[in-house]
Amino acid sequence: MKQKEVINSNDGIRLGFISDIEVDLQDGKLTKLIVPGPAKLFGMFGRGKEYQIPWDSIKKIGEDIILVEINVEKSLVESDY
Numbered sequence: 070m071k072q073k074e075v076i077n078s079n080d081g082i083r084l085g086f087i088s089d090i091e092v093d094l095q096d097g098k099l100t101k102l103i104v105p106g107p108a109k110l111f112g113m114f115g116r117g118k119e120y121q122i123p124w125d126s127i128k129k130i131g132e133d134i135i136l137v138e139i140n141v142e143k144s145l146v147e148s149d150y
């Protein structure tokens with residue numbers, strides 16, 4: 070799945086590629102996709118935020134892309150790392 074680009078179907082914005090996933094180990098279910106947020110100042114200072122996309126926001130998983138339906142501002146949160 071890391072080779073698939075994540076695109077928001079609401080506005081067509083390319084969010085990027087999956088960097089991590091969150092799994093509920095008790096239920097054995099995927100709960101979130103994690104996509105790095107926009108880079109700071111030409112990427113020299115890393116990334117401070119990430120898109121956390123709940124599993125139920127995924128609308129379609131294709132051969133090359135994953136279509137999601139999210140509110141970009143609400144999904145872009147401070148990174149835990």
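Residue numbers for the sequence shown, in our numbering: 70 to 150. Just so it is clear, CB atoms sit at the ideal spot from N, CA and C, and this is done for glycine as well. This structure is a prediction, so every number in the text was calculated from the model and none was measured.
- Query: Does the distance from the CB of residue 139 to the CB of residue 148 come in under 9 Å?
  - Reply: Indexing the sequence shown from 1 puts residue 139 at position 70. Indexing the sequence shown from 1 puts residue 148 at position 79. Not in contact: residue 139 and residue 148 (Cβ atoms no closer than 9 Å).
- Task: State the DSSP-derived secondary structure class of residue 125, mapped to helix, strand or coil.
- Result: Looking up residue 125 in the sequence shown gives position 56. In this structure, residue 125 counts as helix in the three-state DSSP scheme.
- Task: Using only alpha-carbon positions, find the residue among 144, 137 and 121 that is nearest to residue 89.
- Result: Within the sequence shown, numbered from 1, the residue matching residue 89 stands at position 20. With distances taken between Cα atoms, residue 89 lies closest to 121.
- Cβ-Cβ separation, residue 136 to residue 128 (assumed contact under 8 Å), whole Å: If you number the sequence shown from 1, residue 128 lands on position 59. If you number the sequence shown from 1, residue 136 lands on position 67. 5 Å between Cβ atoms; contact.
- Item | Those residues which DSSP pairs with residue 107 across a bridge | On the sequence shown, residue 107 is found 38 positions in, with the first residue counted as 1. Bridge partners of residue 107: none, in fact.
- Item | Where residue 73 falls: helix, strand or coil (DSSP) | The residue you call residue 73 lines up with position 4 of the sequence shown. For residue 73, the secondary structure class from DSSP, reduced to helix, strand or coil, is coil.
- Residues in its own chain within less than 7 Å of residue 99 by CB, not counting five upstream and five downstream? Counting from 1 along the sequence shown, the entry for residue 99 is found at position 30. Correct list, in chain order: 90, 92 and 124.
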